[in-house]
Amino acid sequence: MTSRGGIRPEGSDGSDHWHRESIAWQYKISSINKGRLRLALFLHILIGLLMFFRLLPGITGAFGLTVVSLRRLDLPHPRPWEYAWLISLVAAVIGWRSTPQNNLFLLKQFVLGLVVFGLSPIFFGFFDLKNDIILYLQERKYTYEMLGFPAVVLWIAFMLIALQLHIFSLYFSYVLLGSWKPRVIEKLKAR
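Residues in the sequence shown are numbered from 1 upward in steps of one, following UniProt numbering.
Pasting the structure below:
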């Protein structure tokens, strides 16, 4: 051991570091995957805001409000799976809240919410749009246009990006659940 301004102990060149203490594996894994999960959740919230603005004409119409500037966008009517997917933003916020203090309960709730309100609507969306997808791929025909593009292409792009984000989030959550569990077992043994 050396002091701050002192010399190195005699006989040590610093290469004997292998026997010193190191950070436990679960803390390393937790630190790495927390950052990854937070990035995936940030992107989830970001595309969620885009979906919210896409659904804004339908939401305002449901409350009986008419916003002329939203009507000018001429967006197709919202699909039911889009509203269901929007609820997955609540799960993303729960997942975000679980990371600062390694809260297993909140992380499990996030995983459940992501499967129910994130993945399920995406799969239902693929099923709902299958005829439009086939029609577009075979004949390049489409029924709706959104912002100058075929709506089916934008929906598919959104669903593929969301599906990848959800799969990554589930993987990072699974790894975090495994790395946080030993801490809970140690706390229970200490009681």
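Glycine included, each C-beta is placed from N, C-alpha and C at the ideal position. Computed from a predicted structure; not experimentally measured.
Between the segment 163-171 and the segment 25-40, the count of C-beta pairs closer than 8 Å reaches three or more; the two stretches touch. For the set Gly48, Ile87, Arg38, Ile29, the Cα lying nearest the Cα of Ala162 is the one of Gly48. Around the beta carbon of His77, a 10 Å sphere encloses fewer than 16 other beta carbons of the protein chains shown; the residue is thus reported as exposed. Counting C-beta pairs with one atom in each stretch, the segment 43-57 and the segment 82-89 have three or more that are closer than 8 Å, which means they touch. The closest CA to that of Phe42, considering only Gly61, Val93, Leu119, is found on Val93.
Under DSSP, Pro150 forms a beta bridge with Glu145. If you ignore the 5 residues before and after Glu139, its C-beta comes within less than 6 Å of no other C-beta in its own chain. The Cβ atoms of Val152 and Ile133 lie closer than 8 Å to each other. Annotation: the continuous alpha helix (DSSP H) that includes Gly95 extends over 88-98.
If you ignore the 5 residues before and after Leu154, its C-beta comes within less than 8 Å of the C-beta of Met146, Leu147, all in its own chain and listed in chain order. The beta carbons of Leu107 and Leu55 sit about 28 Å from each other, so the pair does not count as a contact at 8 Å. Bounds of the alpha helix (DSSP H) holding Leu135 are 130-139. The C-beta of Thr99 has 16 or more other C-beta atoms within 10 Å across all chains shown, which makes the residue buried. Taking 8 Å as the cut-off, the Cβ atoms of Leu114 and His166 count as close.
Inter-residue distance for Tyr144 and Phe158 is about 16 Å (C-alpha atoms, whole angstroms).
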